[in-house]
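Novice: Could you have a look at this structure, given as structure tokens, before my questions?
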Amino acid sequence: GGTVYEVSRSLLQQHPDTMMARLASDTWSQSDGVISTNALFIERDGERFRYCLDYMRDGGIVHLPPTVPKAALLQDLEYYGFQHVDESKISMRGSMSMFKTCFKHIDSIKMDLKYFELIEYCICLYQQNAKLEFEIPRINNTGEKDEKHKRLFDTASKLITYERSSEERSSETTINQNQFNSCLERFGLKLKECVRSNTYNGFCSINLDYL
387 GGTVYEVSRS LLQQHPDTMM ARLASDTWSQ SDGVISTNAL FIERDGERFR
437 YCLDYMRDGG IVHLPPTVPK AALLQDLEYY GFQHVDESKI SMRGSMSMFK
487 TCFKHIDSIK MDLKYFELIE YCICLYQQNA KLEFEIPRIN NTGEKDEKHK
537 RLFDTASKLI TYERSSEERS SETTINQNQF NSCLERFGLK LKECVRSNTY
587 NGFCSINLDY L
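Numbering-wise, my numbering puts 390 at position 4 of the sequence shown, and it's gapless, one number per residue.
Next comes the structure, spelled out in structure tokens:
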């Protein structure tokens, strides 16, 4: 597992006091003139390591996307043994592509929150009846509509597979079910079935199962 990077020997030798240079030097020494194919395993964030390489290559100048915290990179640089890091050379990079990345990330968080609200509702019902079968009513227990029940019902409705759905609708339902299952996995659960009653007020019935 992990992310694999190829780093030149000359680049590491430009930073002889770092942990990576020392580890690589030991590996080269042990190879005794033979080109070593051994990889160095470093237990840090693999995605952020690319910005450490930028730091090494560009004289400490790094442009970070909004998705990478500057504090996290500074911690990585300290861990790798870089000293006297000039924080002013590490800046956040803004661009349309980065904006779209952030917007997609925020949109994903909103989606998770929507599903977690539904999961929370199901768990509360489970504590009452110890069953993994839940009914999500269109209206609350007093017979009145409220925003929360509307959100829960709308979220559950998008998990239903209809027999005569269009290809586009079926594809959208599959995506919704996969996202819901991704959230359920954190609780050791999975979606078994979701159906909707034909009555006027109606409800969505969600059946879960253990992983």
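Think of the CB as a built atom: it goes at the ideal place given N, C-alpha and C, for glycine as much as any other residue. If you're wondering where the values come from, they're calculated on a predicted model, not measured in any experiment.
Excluding five sequence neighbours on each side, which residues of the same chain lie with their C-beta closer than 6 Å to the C-beta of Leu570?
Specialist: Locating residue 570 in the sequence shown gives position 184, counting from the first residue. Here the set comprises Lys576.
Novice: If we count Cβ pairs, one from each stretch, closer than 8 Å, do we get three or more for the stretch 387–398 versus the stretch 455–469?
Specialist: No: the two stretches stay apart, fewer than three of their Cβ pairs being nearer than 8 Å.
Novice: Among residues of its own chain, excluding the 5 on either side of Lys544, which ones have a beta-carbon nearer than 6 Å to its beta-carbon?
Specialist: As a first step, residue 544 is located in the sequence shown; it is residue number 158 there, counting from the start. The answer, listed in chain order, is Asn562.
Novice: Let me check one thing: in DSSP terms, what residues is Met478 bridge-paired to?
Specialist: Within the sequence shown, numbered from 1, the residue matching residue 478 stands at position 92. Partner(s): Leu450.
Novice: Measure the alpha-carbon distance for Glu429 versus Gln513 and round it to whole angstroms.
Specialist: Along the sequence shown, one-based indexing puts residue 429 at 43. Along the sequence shown, one-based indexing puts residue 513 at 127. For Glu429 and Gln513, the distance between alpha carbons rounds to 40 Å.
Novice: From this set, Asn515, Glu521 and Arg408, which residue's C-alpha is nearest Asp540's C-alpha?
Specialist: Within the sequence shown, numbered from 1, the residue matching residue 540 stands at position 154. Checked all of Asn515, Glu521 and Arg408; the closest Cα to Asp540 is Glu521.
Novice: If you run the structure through DSSP and keep just helix, strand and coil, what is Ser591?
Specialist: Here residue 591 refers to the residue found at position 205 when the sequence shown is read from its first residue. If DSSP states are grouped into helix, strand and coil, Ser591 belongs with the strands.
Novice: Quick one, are the C-beta atoms of Gln508 and Ile592 less than 8 Å apart?
Specialist: Residue numbering aside, residue 508 sits at position 122 when the sequence shown is read from its first letter. Residue numbering aside, residue 592 sits at position 206 when the sequence shown is read from its first letter. According to the sequence displayed, residue 508 carries Cys and not Gln. Contact: yes.
Novice: Just the Cα atoms here: how many angstroms apart are Ala542 and Cys580?
Specialist: Translated into positions along the sequence shown, residue 542 becomes position 156. Translated into positions along the sequence shown, residue 580 becomes position 194. Cα to Cα, the separation comes out at about 8 Å.
Novice: According to DSSP, is Lys500 helix, strand or coil?
Specialist: Along the sequence shown, read from residue 1 onward, the residue named residue 500 stands at position 114. The answer is helix: DSSP assigns Lys500 an H, G or I state.
Novice: So the alpha helix (DSSP H) Arg582 belongs to, where does it begin and stop?
Specialist: Taking the first residue of the sequence shown as position 1, residue 582 is located at position 196. Per DSSP, Arg582 belongs to no alpha helix (DSSP H); it is in the beta strand (DSSP E), Leu575 to Arg582.
Novice: Identify which residue in Ala407, Met478, Glu533 and Lys500 has its Cα closest to the Cα of Ser568.
Specialist: The sequence position of residue 568 within the sequence shown is 182, counting from 1. The residue with the shortest Cα to Cα distance from Ser568 is Lys500.
Novice: Taking 7 Å as the limit between beta carbons, can you name the residues of its chain near Phe566, skipping five residues before and five after?
Specialist: Indexing the sequence shown from 1 puts residue 566 at position 180. If we look at Phe566 and ignore the five residues flanking it on each side, its Cβ neighbours are Tyr501, Leu545 and Leu577.
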